[in-house]
Amino acid sequence: METRELRYFVAVAEELHFGRAAQRLGIAQPPLSRAIQQLERRLGVALLERTSRTVTLTEAGSVLLVEGRAALDAVDAADRRTRRAALAATGHPGLVLVMKAGASSELLSKLLDTYAAEPGAVTVDVLLCGIAEQERLLRDGRADVALLHRPFDSTTGLDTEELRTEGQVVVLPAGHPFTGRAHLTMADVTALPGLPLPRWPGPDGTYTDGPGPEARDSTQLYELIALGRAAAVLPESCRTHLRRDLTAVPVLDAPAVTTVIAWPPHSRSQALAGLVRTASLL
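Just so you know, we're using UniProt numbering here: the sequence shown kicks off at 1 and counts up by one.
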């Protein structure tokens with residue numbers, strides 16, 4: 001299969017409409033239809049079921065949509081990493097580190113300061129992102145390395161080094177009756193009247209179902225809590241940058257959170273190796 005054919009097929013499979021897919025791709029509809037037919041002949045299977053009004057995926061088409069997306073993501077990631085490696089070879093070395101905005105800021109500051117003092121250190125650009133985005137940015141090649149948090153972020157297929165493990169706290173509006181408690185349990189948290197837990201976006205950007213408000217970053221989340229619209233269970237280190245109108249209470253039975261530095265397993269970057277080595281010694 002050619003990359004061009006995969007891009008064409010994914011566009012049609014996502015739009016389920018040849019006209020819209022052609023417009024999205026910037027091509028005419030007849031060559032798009034011919035390309036899909038050629039792909040089906042080459043594979044020997046029907047990928048789409050067409051009527052005069054609808055386009056639907058066959059079982060084989062559904063499989064190719066998943067695999068095709070992954071293949072195209074890998075091609076795009078290879079393109080970005082190759083270009084960055086070329087820049088490094090011409091005297092412009094550097095690393096892009098991605099992390100969730102508002103998370104592990106104290107740890108990151110210590111890491112960057114310590115690494116900058118190392119011989120041969122390169123510039124590290126920090127890319128801040130929303131909830132659940134840092135893993136995707138690392139996998140698609142827009143970042144060289146990431147700070148991830150297990151069990152919330154998947155590290156499958158990545159190389160990792162554990163940096164620290166911590167408990168969790170529930171963040172509440174200042175003045176809430178529970179702020180005087182020494183600790184709470186998850187049962188206490190889920191039963192908080194009028195303070196539901198927020199809903200986070202998944203890897204595909206869609207939000208989970210539930211009664212809580214949607215939250216996409218820490219700034220929005222803290223505002224919702226301060227307004228008495230939500231509560232949130234977060235790693236204990238969030239205390240270091242907590243607003244004055246918020247407070248935190250330990251949650252005894254919440255799962256521990258492990259911060260890891262993660263990178264693609266095929267990386268051969270000496271600069272990345274140096275950053276990881278520094279992180280492991282913090």
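Think of the CB as a built atom: it goes at the ideal place given N, C-alpha and C, for glycine as much as any other residue.
Check, Outcome
"By a C-beta neighbour count over all protein chains shown, 10 Å radius and 16 as the cutoff for buried, is R50 buried or exposed?", "exposed"
"From L158 to A143, what does the alpha carbon distance come to, in whole angstroms?", "13 Å"
"Relative to the C-alpha of T259, which residue among W200, L163, L221 is closest?", "L163"
"Skipping 5 residues on each side, what residues in its chain have a beta carbon closer than 6 Å to that of R150?", "T258"
"Going by CA-CA distance only, name the one from E5, T208, R42 that's closest to R69.", "E5"
"Is DSSP giving A230 helix, strand or coil here?", "coil"
"Between which residues of its own chain and L64 is the CB-CB distance below 7 Å, once the five residues before and five after are set aside?", "F9, L47"
"In chain order, what are the residue ranges of uninterrupted alpha helix (DSSP H) at least 4 long that sit wholly in the UniProt domain \"HTH lysR-type\" (1-58)?", "3-15, 18-25, 29-43"
"Measuring alpha carbon to alpha carbon, tell me which residue in L184, K100, I225 is nearest L252.", "L184"
"Taking a contact to mean a Cβ-Cβ separation below 8 Å, would you say V171 touches C238 in this structure?", "yes"
"Could you work out which residue in Q38, V55, V45, R41 is closest to R20 when comparing CA atoms only?", "V55"
"Which value, in whole angstroms, describes the spacing of the CA atoms of G44 and E2?", "15 Å"
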